[in-house]
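Engineer: So the protein sequences, as listed, match chains A and B. Going by my numbering, the first residue of the first sequence is number 1, and it counts up by one from there. Going by my numbering, the first residue of the second sequence is number 1001, and it counts up by one from there. I'd like to ask you about the structure that follows.
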Amino acid sequence: MKFDTPAGTNPIDRMKVVGKPIDRIDGPLKTSGTAPYAYEHHREAPDAAYGYVVGATIAKGRVRSIDLDAARQSPGVIAIVTAAEAGKLGQGNFNTAKLLGGPDVDHYHQALAVVVAETFEQARAAAGLVRIDYARGDGRFDLDKELKTAPLHGGNSDEGSESGPEHRTGKFEAAFDAAPVKLDATYTTPDQSHAMMEPFASIAAWKGDELQLWTSNQMIAWGHSDLAKTLNIPKDKIRFMSPYVGGGFGGKLFLRADAVLAALGAKGAGRPVKLAMQRPLIANNTTHRPATRQRIRIGCEADGTITAIAHESGSGDLPGGEPETAVNQTELLYAGANRLTAMRLAVLDLPEGNAMRAPGEAPGMMALEIAIDEMAEKLGMDPVAFRIKNDTQVDPMKPERRFSERNLIRCLEDGAKRFGWSKRNATPGQMRDGRWLVGMGVAAAFRNHLALTSGARVRLGQDGRVTVETDMTDIGTGSYTIIAQTAAEMMGVPVDRVVVKLGDSSFPRSAGSGGQFGAGSATSGVYAACVTLREAVAQKLGFNATDAVFDDGKVRAGNRSVALADAAREGELVAEDKIEWGDLGKKFQQSTFGAHFVEVGVDAFTGVTRVRRMLAVCAAGRILNPKSARSQVIGAMTMGVGGALMEELAVDKRFGLFINHDLAGYEVPVHADIPHQEVVFLDEADATVSPMKAKGIGELGLCGVGAAVANAIYNATGVRVRDYPITLEKHLDQLPAYA
Amino acid sequence: MTRRGVLTAGAAGAVAGGVPVSTSAERREMATMPVRFEVNGKRRELALDPRTTLLDALREHLHLTGTKKGCDHGQCGACTVLVNGVRINSCLSLVVQHQDDKVTTIEGLGTPEKLHPMQAAFVRHDGYQCGYCTPGQICSAVAVLDEIKRGVPSHVQADVTKTARPTNVELRERMSGNICRCGAYSNIAEAMAEVAGAKA
């Protein structure tokens, strides 16, 4: 099915099942510990040996020699695979650095060997006996230093955020010089780690030249083809499965070392191998969100009209890598006749930078939405009013392109009312609650909508049960549930008559989970397959497909009504289709919007920040399941608090690694950090995006949160910190005297 | 089978009801230590590499994979189980330390068909997303309500000589050893509050 004209009325619009806040259908499995994750397929691979990863302990250089003798003689060792044993490997389309290094070392903790033994304990002990002699080379680890000579560089996050090396509209410099009110400020965001709870893990089992891999991956199709490419074997020799994913946040978009090493280890051992990347290796072995240095300039008329806006960002990555596209949203979020966005990319020898939840917008909005707050203060305007004044209903760089739906103003106004924004004192440092300096902050939320081709197969069984098969993944996003709701709505059956099977390369290729494109794309693919199945059912039962109504387990037209199951009486009916996208995304600017409101308390004595209240108001098209969608948003708000207050991979510039590479050193929010969170969805349905009329929500919820926290801290303290995370030492010596 | 028998056989795998689960030839060489304990009400006898953690004994040898390994270093709480009614990080203790202990894992609290009230509350309040930290969160949540009932004090209690009440701040403080990177905290607090209220 090609989606090339805006959706008219369709069966989804009934919203008898879609749009209802039903409990997740995978909930009983997840809460009882019976949902099988990558490392837990004991039944399928009962005799698996254990793999343990040996990571490089230099950032750059060469392996002179590897001494495996002691490790080989260690009890229980079955095989050890290094680059020498593995032979020539290919490199995946989505990988910047090799997943098995040696003799060249490209980054710290790059995998150099996998040790396979009978037990986990034996593999771990033997891995500790691998002796590697390195010739350590010089590396580039200092972003600020390398950015001084870094070239302009465009880029694409693979997740819907992209920008050119330099984009210009009008004459920025002249307009900025002429503006009566100006802001010119620099912001820094640190490297961040996805830190998903389930480590990267795989079980590999060979049968002759065919490989079965259970893994934890967001994008079955990408991982499947990159594994084939890396192992130099045909794709159809690999079955790539990921039915449950214990968090990804972009870290599991790509094939990673666990899958390759499990496959190589299993080949070497001659039996199945299971392997989980050790937690202390994850931050440096896998990908991270790159640090940024962002300069924002805004010029305004005295009445608050933006006349000039520039956003320039610099980031670093390994040779051949990509920039963090932190300027993308600034091309679209606010009006202004004269505009400039630019990105620079420095070459670094730190671990590979890549997509993390809302790549581009997450760090970009952390900077831009502080800048907007600063500008509003310079103008003496309320930051909500300043944003509303500079709203635009068209793409500011291509005014002929309208936004398909843009309800940013409603999000801001509705949020301000609900949050009690009028009680905020615009003068910072004035509100007290005992020892706490109290402040409120606001930020806009913005993230583009993206759609990918997505397929599904739908079966109507003889028992009337509907089974959906697609390689879509559920990474905590609720895919199982919204896909069941979609199929139930289309086929006119209750949700408990739908079975959903996900995450298997033997199923039709879907969009996968990333870039907040998963929900809209994957359910549209299921919609397309269901339309085909409805036609088959109608034909079987002697109805005209266009007249037939599917409802209550029956198909009816006129006075005739037949049980849906009757269509499959002689045998299961199977339909497969995919959704493909026309050019509506080019004709319209399709984006999602929101407003974040945050209240913080800053301890006047210690400078510690506690978040007291949070509200997000979101406009993201139709909400397919308000319960799981709300969870996506509160989770993103939580990650935003982490980015604002604590998350930072600390770079050791001498040795070229992230030094706080475990869950004790890399701090993420815990229960005590997060108050009750409110989320409101505006009632929307965007007919230009898909037959589901739904856009994504999982990344929108993160965009702007950090800045809303930062702005609240400023409102509480009067100290403006432009360097994330806002830890207490950055403002402690400037806090107002305690009265 | 006697403990000596287990040692002689050298079976690394579980011995449930006297039937060795695993007796592969290679594993016979391994030096093992026996342990007998109760898991989810069932007597279990194992003879394992003494380096084996309680977590790996549960996951790899008893195939109770509901208990998760997130970090293996006591940093995340995904491996939380109840030992003699008290929650611990099962990655931080060796299985041989648990002779005669009674261990309850997530599988022992309830099943998909018959969920424990805390499990059901997590489903109702969507107190999870990816589900990986969830068993640990639920085991901790059950233990926290019990700790409050038993008068175990916490850092946020105004008066540690009095029994705490299951307030939002109290629950959040006591749950802070269980990380949820998906950020379901707000919903977990609501699920716990509902169960605490129903009990009170």
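C-beta: ideal position from N, C-alpha, C; glycine also. All values derive from a computational prediction rather than experimental measurement.
Is the beta carbon of residue 709 of chain A less than 9 Å from the beta carbon of residue 640 of chain A?
Structural biologist: In the first sequence, the residue the question calls residue 709 of chain A occupies position 709. In the first sequence, the residue the question calls residue 640 of chain A occupies position 640. Cβ distance < 9 Å, so residue 709 of chain A and residue 640 of chain A count as in contact.
Engineer: At least one CB of chain B closer than 9 Å to the CB of residue 628 of chain A: is that the case?
Structural biologist: Residue numbering aside, residue 628 of chain A sits at position 628 when the first sequence is read from its first letter. Yes, residue 628 of chain A counts as interfacial toward chain B.
Engineer: Report the option in A:657, A:209, A:518, A:587 whose CA atom is closest to the CA atom of residue 218 of chain A.
Structural biologist: Translated into the one-based positions of the first sequence, residue 218 of chain A becomes position 218. Ranking the options by Cα distance to residue 218 of chain A, first place goes to A:518.
Engineer: If you follow the beta strand (DSSP E) that residue 677 of chain A is in, where does it begin and where does it stop?
Structural biologist: In the first sequence, the residue the question calls residue 677 of chain A occupies position 677. Counting along the chain, the beta strand (DSSP E) containing residue 677 of chain A begins and ends at 677–681.
Engineer: Chain A partners of residue 1087 of chain B, CB-CB under 7 Å?
Structural biologist: Taking the first residue of the second sequence as 1, we reach residue 1087 of chain B at position 87. Simply none; closest approach about 14 Å.
Engineer: Please classify residue 569 of chain A as buried or exposed, where buried requires at least 16 other C-beta atoms within 10 Å of its C-beta.
Structural biologist: Counted from its first residue, the first sequence places residue 569 of chain A at position 569. With fewer than 16 Cβ atoms within 10 Å of its Cβ, residue 569 of chain A is classed as exposed.
Engineer: For the alpha helix (DSSP H) holding residue 124 of chain A, just list the boundary residues, first then last.
Structural biologist: Within the first sequence, numbered from 1, the residue matching residue 124 of chain A stands at position 124. Looking at the DSSP string, the run of the alpha helix (DSSP H) that includes residue 124 of chain A is 120–127.
Engineer: Answer yes or no: do residue 66 of chain A and residue 116 of chain A have a C-beta to C-beta separation smaller than 9 Å?
Structural biologist: Working through the first sequence from its first residue, we reach residue 66 of chain A at position 66. Working through the first sequence from its first residue, we reach residue 116 of chain A at position 116. Contact flag unset, no.
Engineer: Out of A:331, A:535, A:547, A:383, which one is the CA nearest neighbour of residue 440 of chain A?
Structural biologist: The residue you call residue 440 of chain A lines up with position 440 of the first sequence. Of A:331, A:535, A:547, A:383, the residue nearest in Cα terms is A:383.
Engineer: According to the neighbour-count rule (16 or more other Cβ atoms, all chains shown, within 10 Å of its Cβ), is residue 73 of chain A buried or exposed?
Structural biologist: Residue numbering aside, residue 73 of chain A sits at position 73 when the first sequence is read from its first letter. Residue 73 of chain A is exposed by the Cβ-count criterion.
Engineer: With 9 Å as the threshold, decide whether the Cβ of residue 132 of chain A is near any Cβ in chain B.
Structural biologist: Locating residue 132 of chain A in the first sequence gives position 132, counting from the first residue. False, the Cβ-Cβ gap to chain B never drops below 9 Å.
Engineer: Quick test of your reading: residue 55 of chain A and residue 126 of chain A, contact by CB under 8 Å. State the CB separation rounded to the nearest angstrom.
Structural biologist: Against the first sequence, residue 55 of chain A aligns to sequence position 55. Against the first sequence, residue 126 of chain A aligns to sequence position 126. Contact flag wrong, Cβ pair sits at about 15 Å.
Engineer: In whole angstroms, what separates the C-alpha of residue 300 of chain A from that of residue 378 of chain A?
Structural biologist: Here residue 300 of chain A refers to the residue found at position 300 when the first sequence is read from its first residue. Here residue 378 of chain A refers to the residue found at position 378 when the first sequence is read from its first residue. Each residue's alpha carbon lies about 10 Å from the other.
Engineer: Can you have a look at residue 561 of chain A and say buried or exposed, based on whether 16 or more other CB atoms are within 10 angstroms of its CB?
Structural biologist: For the purposes of this step, residue 561 of chain A is taken as the residue at position 561 of the first sequence. With fewer than 16 other Cβ atoms within 10 Å, it is exposed.
Engineer: So what's residue 757 of chain A in DSSP terms, helix, strand or just coil?
Structural biologist: Residue 757 of chain A lies beyond the range of chain A shown here (1 to 739); nothing can be said about it.
Engineer: List the endpoints of the continuous alpha helix (DSSP H) containing residue 586 of chain A.
Structural biologist: In the first sequence, the residue the question calls residue 586 of chain A occupies position 586. That run of the alpha helix (DSSP H) goes 584–587.
Engineer: Using the rule of at least 16 other Cβ atoms within 10 Å of the residue's Cβ for burial, across every protein chain shown, is residue 734 of chain A buried or exposed?
Structural biologist: In the first sequence, counting from the first residue as 1, residue 734 of chain A sits at position 734. So residue 734 of chain A ends up on the exposed side.
Engineer: Could you list which residues in chain A have their beta carbon closer than 8 Å to that of residue 1073 of chain B, in chain order?
Structural biologist: On the second sequence, residue 1073 of chain B is found 73 positions in, with the first residue counted as 1. Simply 279, 280, 662, 663, 664.
Engineer: Look up residue 1216 of chain B in the DSSP assignment and say whether it is helix, strand or coil.
Structural biologist: An answer regarding residue 1216 of chain B cannot be provided, because it is not within the stretch 1001 to 1200 covered by chain B.
Engineer: According to the neighbour-count rule (16 or more other Cβ atoms, all chains shown, within 10 Å of its Cβ), is residue 161 of chain A buried or exposed?
Structural biologist: Locating residue 161 of chain A in the first sequence gives position 161, counting from the first residue. Looking at its Cβ environment, which holds 16 or more other Cβ atoms inside 10 Å, residue 161 of chain A is buried.
Engineer: Using a Cβ distance threshold of 8 Å, determine whether the region 612–621 of chain A contacts the region 577–597 of chain A, with at least three qualifying pairs required.
Structural biologist: With the cut-off at 8 Å, the region 612–621 of chain A and the region 577–597 of chain A touch.
Engineer: Use the C-beta contact count for residue 1002 of chain B: other C-beta atoms within 10 angstroms, 16 or more gives buried, fewer gives exposed.
Structural biologist: To locate residue 1002 of chain B, count along the second sequence from 1; it is residue 2. Since pLDDT at residue 1002 of chain B reaches only 42, below the 50 mark, its modelled position is unreliable, and no value is offered.
Engineer: Residues in the same chain with beta-carbon distance under 7 Å from residue 170 of chain A, minus the five sequence neighbours each way, listed in chain order, please.
Structural biologist: As a working note, residue 170 of chain A is residue 170 in the first sequence. So the qualifying residues of the chain are 337, 338, 339.
Engineer: Quick check on the burial criterion: 16 or more other C-beta atoms within 10 angstroms. Buried or exposed for residue 1155 of chain B?
Structural biologist: Here residue 1155 of chain B is taken as the residue at index 155 of the second sequence, counted from 1. Answer is exposed; the Cβ neighbour count stays below 16.
Engineer: Answer with buried or exposed for residue 629 of chain A, where buried requires no fewer than 16 other C-beta atoms within 10 angstroms of its C-beta.
Structural biologist: As a working mapping, residue 629 of chain A is identified with position 629 in the first sequence. Burial call: buried.
Engineer: For residue 1173 of chain B and chain A, any beta-carbon pair shorter than 9 Å?
Structural biologist: Looking up residue 1173 of chain B in the second sequence gives position 173. Yes, residue 1173 of chain B counts as interfacial toward chain A.
Engineer: Provide the residue(s) that pair with residue 61 of chain A in DSSP beta bridges, ordered along the chain.
Structural biologist: Position 61 of the first sequence, counted from the start, is the residue given in the question as residue 61 of chain A. According to DSSP, which records beta bridges pairwise, residue 61 of chain A is partnered with A:105, A:136.
Engineer: Measuring alpha carbon to alpha carbon, tell me which of A:412, A:602, A:59, A:661 ends up nearest residue 679 of chain A.
Structural biologist: As a working mapping, residue 679 of chain A is identified with position 679 in the first sequence. Minimum Cα distance to residue 679 of chain A is reached at A:412.
Engineer: Check the Cβ-Cβ distances between residue 1110 of chain B and every residue of chain A, and say whether any is below 9 Å.
Structural biologist: As a position in the second sequence, residue 1110 of chain B is number 110, starting the count at 1. Cβ-Cβ to chain A under 9 Å: yes for residue 1110 of chain B.
Engineer: For residue 673 of chain A, count neighbouring C-beta atoms within 10 Å of its own C-beta (all shown protein chains included) and say buried if the count is 16 or more, exposed if not.
Structural biologist: Taking the first sequence and counting its residues from 1, one reaches residue 673 of chain A at position 673. Residue 673 of chain A is buried by the Cβ-count criterion.
Engineer: When we look at the beta-carbon of residue 1163 of chain B and count the other beta-carbons within 10 Å, is it buried (16 or more) or exposed?
Structural biologist: Translated into the one-based positions of the second sequence, residue 1163 of chain B becomes position 163. Its Cβ having fewer than 16 others within 10 Å, residue 1163 of chain B is exposed.
Engineer: With 9 Å as the threshold, decide whether the Cβ of residue 477 of chain A is near any Cβ in chain B.
Structural biologist: On the first sequence, residue 477 of chain A is found 477 positions in, with the first residue counted as 1. Interface residue, yes.
Engineer: With 7 Å as the limit, tell me which residues of the region 152–186 of chain A have their beta carbon closer than that to any beta carbon of chain B; keep them in chain order.
Structural biologist: Going along the region 152–186 of chain A in chain order, one finds no residue with a Cβ nearer than 7 Å to chain B.
Engineer: Please determine if the region 573–583 of chain A and the region 700–720 of chain A are in contact, where contact requires at least 3 C-beta pairs separated by less than 8 Å.
Structural biologist: Because the criterion of three Cβ pairs below 8 Å is not met, the region 573–583 of chain A and the region 700–720 of chain A do not touch.
Engineer: Rounded to the nearest angstrom, what separates residue 741 of chain A and residue 612 of chain A at their Cα positions?
Structural biologist: Given that chain A is displayed from residue 1 to residue 739, the structure contains no residue 741 of chain A and the question cannot be resolved.
Engineer: Starting from the beta carbon of residue 1107 of chain B, find every residue of chain A whose beta carbon is closer than 8 Å, and list them in chain order.
Structural biologist: Here residue 1107 of chain B corresponds to residue number 107 of the second sequence, with the count starting at 1. Chain A residues near residue 1107 of chain B: 32, 33, 34.
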